[in-house]
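Trainee: Can you read through this structure? Questions will come right after.
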Amino acid sequence: MNAVQVKIDNRYILYDVDCIENPASFGFDANYWASRDAIIGFAEGRGTTFFVQYAGEDYVLRHYRRGGFIARLSTDQYIWT
7 MNAVQVKIDN RYILYDVDCI ENPASFGFDA NYWASRDAII GFAEGRGTTF FVQYAGEDYV
67 LRHYRRGGFI ARLSTDQYIW T
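Per this note's numbering: the sequence shown = residues 7 to 87.
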């Protein structure tokens, strides 16, 4: 994995540059993939997880959600160190 971190708007994205060339053009929204008929499945739990097929590869799209006690303080943020 060739990990790269980039800031887009007020969000940071950590991604593998060998898999995605430009994360800004990549859809981090389920509607983006649904409009392209690329969602091949989903699972529900702490939010919905979407399984996406793109360029012959399988990916997972999931909004980060905290669980347990700490979720009372922050539902979807964390500190990257």
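Backbone N, C-alpha and C fix where the C-beta goes; we use that ideal spot for every residue, glycine too.
Just so you know, these numbers come straight off a predicted model, no measurement behind them.
#1: Apart from the five residues on each side of it in sequence, which residues of its chain come closer than 8 Å, Cβ to Cβ, to GLY53?
#2: Given PRO29, which residues of its chain have a CB within under 8 Å of its CB, disregarding the five upstream and five downstream residues?
#3: Comparing alpha-carbon positions, which option in PHE57, ARG78 and ASN37 lies nearest ALA49?
#4: Measuring only the C-alpha atoms, how far is GLU27 from ALA9?
Mentor: Here's the rundown:
#1: Here residue 53 refers to the residue found at position 47 when the sequence shown is read from its first residue. ARG68, HIS69 and ARG71.
#2: Your numbering for residue 29 matches position 23 in the sequence shown. Once the five neighbours on either side are set aside, the close Cβ partners of PRO29 are VAL12, ILE14, ILE19 and TYR21.
#3: Position 43 of the sequence shown, counted from the start, is the residue given in the question as residue 49. Ranking the options by Cα distance to ALA49, first place goes to PHE57.
#4: Taking the first residue of the sequence shown as 1, we reach residue 27 at position 21. Taking the first residue of the sequence shown as 1, we reach residue 9 at position 3. When rounded, the distance between both Cα atoms is 12 Å.
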